[in-house]
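Student: For the sequence shown, our numbering gives the first residue as 7, with consecutive numbering after it.
Supplied in structure tokens, the structure appears directly below.
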Amino acid sequence: MGQAGTDRSFRYDINALRALAIIGVVFYHFKPEFLSGGFAGVDVFFVISGYLMSRVVIGQIDKGSFSFLRYFEKRLYRIVPALVFLVAVIAALCFFIYLPNDYKPNVQNGASALLFLSNLFFWYNTPSYFDASSDTNLFLHTWSLSVEWQFYLLYPFLLLLFNRLFKNKRVYKSVFIALTVVLFIVSVVVSHYFQSFSFYMLPTRAWEMLLGGIAFFAEGSLTNSRTKKIFALSGYAVILSCFFVLDESLPWPGFYTLLPVLATFLIIAANVNFKFTHLSFVQFTGKISYSLYLWHWPVFVIAQYYGLGKSVLAVGVYIILSVMLGYISYRYVESIHFNRKLGIGLGVVSVFTVVFCVQYFNVNRVLYDNKTLSIANNVGITSKPFFRQYRKDTCFVESFAKYKKQACLCFDDAKSNVLLIGDSHLAQLSQSLMEGFPEINFLQATAPATLPTIKSYYTKRNNLRELMDYVYKDFIPNNADKIDGIIISGNWAGQRLVQQDSLVYGINEAVDYLKRYNIPVVVIGQTERYSVSYPTIAARAHYFNSDNHAFYLDEYTVELNSYLSQRLKNVYINVLNEKNVPPLSPKNVTYMRDKDHVTKYGADLLINCIKRDKLWIAFWEDIKIESTF
7 MGQAGTDRSF
17 RYDINALRAL
27 AIIGVVFYHF
37 KPEFLSGGFA
47 GVDVFFVISG
57 YLMSRVVIGQ
67 IDKGSFSFLR
77 YFEKRLYRIV
87 PALVFLVAVI
97 AALCFFIYLP
107 NDYKPNVQNG
117 ASALLFLSNL
127 FFWYNTPSYF
137 DASSDTNLFL
147 HTWSLSVEWQ
157 FYLLYPFLLL
167 LFNRLFKNKR
177 VYKSVFIALT
187 VVLFIVSVVV
197 SHYFQSFSFY
207 MLPTRAWEML
217 LGGIAFFAEG
227 SLTNSRTKKI
237 FALSGYAVIL
247 SCFFVLDESL
257 PWPGFYTLLP
267 VLATFLIIAA
277 NVNFKFTHLS
287 FVQFTGKISY
297 SLYLWHWPVF
307 VIAQYYGLGK
317 SVLAVGVYII
327 LSVMLGYISY
337 RYVESIHFNR
347 KLGIGLGVVS
357 VFTVVFCVQY
367 FNVNRVLYDN
377 KTLSIANNVG
387 ITSKPFFRQY
397 RKDTCFVESF
407 AKYKKQACLC
417 FDDAKSNVLL
427 IGDSHLAQLS
437 QSLMEGFPEI
447 NFLQATAPAT
457 LPTIKSYYTK
467 RNNLRELMDY
477 VYKDFIPNNA
487 DKIDGIIISG
497 NWAGQRLVQQ
507 DSLVYGINEA
517 VDYLKRYNIP
527 VVVIGQTERY
537 SVSYPTIAAR
547 AHYFNSDNHA
557 FYLDEYTVEL
567 NSYLSQRLKN
577 VYINVLNEKN
587 VPPLSPKNVT
597 YMRDKDHVTK
607 YGADLLINCI
617 KRDKLWIAFW
627 EDIKIESTF
């Protein structure tokens, strides 16, 4: 992300590329439905970094003037000050405005960012970059800085090795290109099997920066002015198209990553400065792009933490605030000329910030009473009660290979057999259903982030479609006479890349398919989704003595639930409760454990409400069972 290298004349086109990339990233984060592929802006930054590092290092090696000490000093002074400033300010601010259970992971994430290990830390501790749980990470975006820094550390050694081994420049470049191609192939293969690892790690991202090196080799090889302009304009057009057309359902990095990466390569290799690249707005945005990148995401996360939403007006405010903070960081931190003495001071501040983040992450507990802290701690998705509630790693699985067919799809001839098909939003109700209806044998086929439909509209984990395919195409056709009823449910609002009419079609398609086998079907509707973890909302409600959880309700969830209720009247049970959810049990257990999953207490409340619904009663009458929960 950092601007590096001033060995040659200033490249207005590269600054324009920075501006385009940061605009894509910011709008993707603030309003993903507007620029669903804006995340590709990071890939543009990677290619730029590879080009600039190649220009600096190869140029100095060729002149015999390369110095590791000088090289690393310049990288440190360019990247670290603004990052330290960000982490220190955010850690200090959130000390006062974040609850301890939310503050702790964020300052630890900040420490990993300062150590340039955040990509490793996030890969190990989060499901994926695109997972909803990552949206509360104030420093999520620093993963790319860590990847770049790791590249900066290793790249000079690679170039020095190549310079020593390959005296012939043609062989040198050929091997360099071959390495880039091999790493691209590795990236594509690894993405297929280990998506999160491939997204975060240097080995699967290095080819993008190496392609920047190839752009350095290609610079000047194009001499025809018309051809250069066509290449450059085509590059800009492709990048813009990627921002609008691509989305997070694609394996990334992967084959589609070639589009923005090669487009950036063409622009850099063409080296054309159009009039629009000189525009003040473009150059200003490019200059502050690094600081803007640093500040925009924490601004957004903190705003969502306080339920400020994603309306057009709110996004406009976030952009203005991000630009202001980005400019302040650029003007008063980035632009400082660091010498050795200032560098030592920077090192002391960096160490102090890391130590504070690692050692004193719980110190702000003193600001809150014990009940507030107890309410805020209603999480723990790895606890035994959580495993029992979902039947996790048995009937609610991360991969089809882990699914226990004998335990989850076992019929009981002495009872009615009802099959549960869905994702975590149905799995969370399974224990409550079994306890409430002991006379029913519940079979269960559930997997995370997977629509319980016949057609694979979209899933963030494509391997989990195997479970849905097996249930719909194998198990049900071969066992329809033994299945007395089927309950379907899912996180319908969590699949925002699927059009609303497609969801309706997919649900109706599944219902009609099951009715052909004369199996009664009911669909449990969308539960609440909040912009902040529900324990945080409940803790704040207690601390400030005001119940405003409706303020944090996700607007799209309410909209979609209304849409589905109107178009699926014969099968869809509306369970979304906007106002009357009891936030706490008598034992201070919250209704939900996170943004959109209920606790066991919450699941019992939901089933207790569902049992009075006319569609639910009719469903059990079809099975010849009286609802007695």
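Using N, Cα and C, we set each Cβ at its ideal position, and we do this for glycine too.
1. Tell me whether ASP480 is buried or exposed, calling it buried when 16 or more other Cβ atoms sit within 10 Å of its Cβ.
2. According to DSSP, ILE579 sits in a beta bridge with which residue or residues?
3. Secondary structure at TYR409, three-state DSSP: helix, strand or coil?
4. Please name the residue, chosen from ALA212, MET59 and GLU561, that lies closest to GLY313 on a Cα-to-Cα basis.
5. Is PHE222 near SER328, with beta carbons less than 8 Å apart?
6. Going by C-alpha distance, which of PHE91, THR542 and LEU228 is nearest LEU298?
7. Quick check on the DSSP output: what are the complete alpha helix (DSSP H) runs of length 4 or more inside the segment 106–166, in order along the chain?
8. Does DSSP put LEU319 in a helix, in a strand, or in coil?
9. In the DSSP assignment, the alpha helix (DSSP H) including THR452 goes from what residue to what residue?
10. What separation, rounded to the nearest whole angstrom, lies between the Cα atoms of GLU184 and ALA238?
11. Ignore the nearest five residues each way along the sequence and tell me which others in ASN583's own chain have a CB closer than 8 Å to its CB.
12. With distances taken from CA atoms, which of PHE282, SER430 and THR459 is nearest ASP19?
13. Since GLY512 and THR459 are thought to touch, with beta carbons under 8 Å apart, how far apart are those beta carbons, to the nearest angstrom?
14. Taking the DSSP output, what are the residues bridged to SER495?
15. Cα separation between GLU632 and PHE448?
16. How would you write the range of the alpha helix (DSSP H) that VAL192 sits in, first residue to last?
17. Please state if the CB of TRP258 and the CB of PHE205 are separated by a distance shorter than 8 Å.
18. Would you call the segment 216–234 and the segment 267–275 in contact, with 3 or more CB pairs under 8 Å?
19. May I have the straight-line CA-CA distance separating ARG24 from ARG337, to the nearest angstrom?
20. Decide if ILE342 is buried, meaning its Cβ has at least 16 other Cβ atoms within 10 Å, or exposed.
21. The alpha helix (DSSP H) with PRO541 in it runs from where to where?
22. Going straight from the alpha carbon of VAL50 to that of LEU331, what length do you get?
23. When the Cα atoms are used, what is the spatial distance from SER255 to PRO454?
24. Please report the straight-line C-alpha distance between ASP602 and GLN506, rounded to a whole angstrom.
25. If you draw a straight line from the alpha carbon of LYS617 to that of VAL424, how long is it in whole angstroms?
26. Whole angstroms is fine: what's the gap from LEU473's alpha carbon to THR452's?
27. Does the structure place the segment 179–198 close enough to the segment 136–154 that three or more beta carbon pairs sit under 8 Å?
28. Under 8 Å by Cβ, that's how I've got VAL267 and LYS234 pegged, so tell me the actual separation to the nearest angstrom.
29. Taking LYS575 as the reference, which of ALA486, ARG397 and VAL529 has the closest Cα?
30. So, under 8 Å CB-CB, PHE203 and TRP155 are touching, yes? Tell me the CB distance rounded to an integer number of Å.
31. In chain order, what residues of the same chain lie with their CB nearer than 8 Å to the CB of ASP399, ignoring the 5 residues before and after it?
32. Can you give the Cα-Cα distance for GLN572 and TRP129, rounded to whole angstroms?
33. What are the boundary residues of the alpha helix (DSSP H) that includes GLN505?
34. I'd like to confirm the pairing. Which residues does DSSP put opposite PHE402 in its beta bridges?
35. Looking only at its chain, what residues have a beta carbon closer than 7 Å to the beta carbon of PHE557, apart from the 5 residues adjacent to it on each side?
Tutor: In brief:
1. Start at 1 with the first residue of the sequence shown, and residue 480 comes out as number 474. Flag for ASP480 reads exposed.
2. The residue given as residue 579 occupies position 573 in the sequence shown. In the DSSP output, where bridge partners are listed per residue, ILE579 has ILE530.
3. Along the sequence shown, read from residue 1 onward, the residue named residue 409 stands at position 403. Note: TYR409 maps to coil in three-state DSSP.
4. As a first step, residue 313 must be located in the sequence shown, where it is residue number 307. Here the closest residue by C-alpha is GLU561.
5. As a first step, residue 222 must be located in the sequence shown, where it is residue number 216. As a first step, residue 328 must be located in the sequence shown, where it is residue number 322. The answer is no: Cβ separation not under 8 Å.
6. As a working mapping, residue 298 is identified with position 292 in the sequence shown. LEU298 has its Cα closest to that of PHE91, out of PHE91, THR542 and LEU228.
7. 106–120 and 124–131
8. Residue numbering aside, residue 319 sits at position 313 when the sequence shown is read from its first letter. Helix.
9. Here residue 452 is taken as the residue at index 446 of the sequence shown, counted from 1. Not the alpha helix (DSSP H): THR452 falls in the beta strand (DSSP E), residues 446–452.
10. The count along the sequence shown starts at 1 and reaches residue 184 at position 178. The count along the sequence shown starts at 1 and reaches residue 238 at position 232. According to the sequence displayed, residue 184 carries Ala and not Glu. About 24 Å.
11. In the sequence shown, counting from the first residue as 1, residue 583 sits at position 577. Excluding positions up to five away in sequence, the list reads GLU534 and CYS615.
12. For the purposes of this step, residue 19 is taken as the residue at position 13 of the sequence shown. For the residues PHE282, SER430 and THR459, the minimum Cα distance to ASP19 belongs to PHE282.
13. What you label residue 512 is simply residue 506 of the sequence shown in a count that begins at 1. What you label residue 459 is simply residue 453 of the sequence shown in a count that begins at 1. Yes, they are in contact, since the Cβ atoms of GLY512 and THR459 sit about 4 Å apart, within 8 Å.
14. By 1-based counting over the sequence shown, the position of residue 495 is 489. Paired residue(s): GLY428 and ILE530.
15. For this step, residue 632 is matched to residue 626 along the sequence shown. For this step, residue 448 is matched to residue 442 along the sequence shown. In this prediction, GLU632 has a pLDDT of 48, which is less than 50 and means its spatial position is unreliable; what the coordinates show is noted afterwards. Approximately 16 Å, taken between the alpha carbons.
16. As a first step, residue 192 is located in the sequence shown; it is residue number 186 there, counting from the start. Unbroken alpha helix (DSSP H) run through VAL192: 175–199.
17. As a first step, residue 205 must be located in the sequence shown, where it is residue number 199. As a first step, residue 258 must be located in the sequence shown, where it is residue number 252. Yes, the Cβ-Cβ distance between PHE205 and TRP258 is below 8 Å.
18. yes
19. Reading the sequence shown from its first residue, position 18 is the one you call residue 24. Reading the sequence shown from its first residue, position 331 is the one you call residue 337. One C-alpha to the other measures close to 17 Å.
20. Residue numbering aside, residue 342 sits at position 336 when the sequence shown is read from its first letter. So ILE342 counts as exposed.
21. The residue labelled residue 541 in the question sits at position 535 within the sequence shown. 540–550 is the span of the alpha helix (DSSP H), which, as asked, contains PRO541.
22. Translated into the one-based positions of the sequence shown, residue 50 becomes position 44. Translated into the one-based positions of the sequence shown, residue 331 becomes position 325. In a straight line, the C-alpha of VAL50 is about 23 Å away from that of LEU331.
23. By one-based count along the sequence shown, residue 255 stands at place 249. By one-based count along the sequence shown, residue 454 stands at place 448. Approximately 15 Å, taken between the alpha carbons.
24. To locate residue 602, count along the sequence shown from 1; it is residue 596. To locate residue 506, count along the sequence shown from 1; it is residue 500. ASP602 and GLN506: Cα-Cα distance of roughly 19 Å.
25. For the purposes of this step, residue 617 is identified with residue 611 of the sequence shown, where counting begins at 1. For the purposes of this step, residue 424 is identified with residue 418 of the sequence shown, where counting begins at 1. Approximately 16 Å, taken between the alpha carbons.
26. Looking up residue 473 in the sequence shown gives position 467. Looking up residue 452 in the sequence shown gives position 446. Answer to the nearest angstrom: the Cα atoms are 8 Å apart.
27. no
28. Residue 267 sits at position 261 when you count from the first residue of the sequence shown. Residue 234 sits at position 228 when you count from the first residue of the sequence shown. Their Cβ separation, rounded to whole angstroms, is 19 Å, which puts VAL267 and LYS234 out of contact at 8 Å.
29. As a working note, residue 575 is residue 569 in the sequence shown. The residue with the shortest Cα to Cα distance from LYS575 is VAL529.
30. What you label residue 203 is simply residue 197 of the sequence shown in a count that begins at 1. What you label residue 155 is simply residue 149 of the sequence shown in a count that begins at 1. Actually they do not touch by this definition, with Cβ atoms about 18 Å apart.
31. By 1-based counting over the sequence shown, the position of residue 399 is 393. Only PHE393 and LYS408 meet the Cβ criterion.
32. Here residue 572 refers to the residue found at position 566 of the sequence shown. Here residue 129 refers to the residue found at position 123 of the sequence shown. Distance between the alpha carbons of GLN572 and TRP129: 40 Å.
33. To locate residue 505, count along the sequence shown from 1; it is residue 499. Segment: none, GLN505 is in no alpha helix (DSSP H) and carries neither H nor E.
34. Mapped onto the sequence shown, residue 402 falls at position 396. According to DSSP, which records beta bridges pairwise, PHE402 is partnered with LYS398 and THR452.
35. Here residue 557 refers to the residue found at position 551 when the sequence shown is read from its first residue. If we look at PHE557 and ignore the five residues flanking it on each side, its Cβ neighbours are GLY313.
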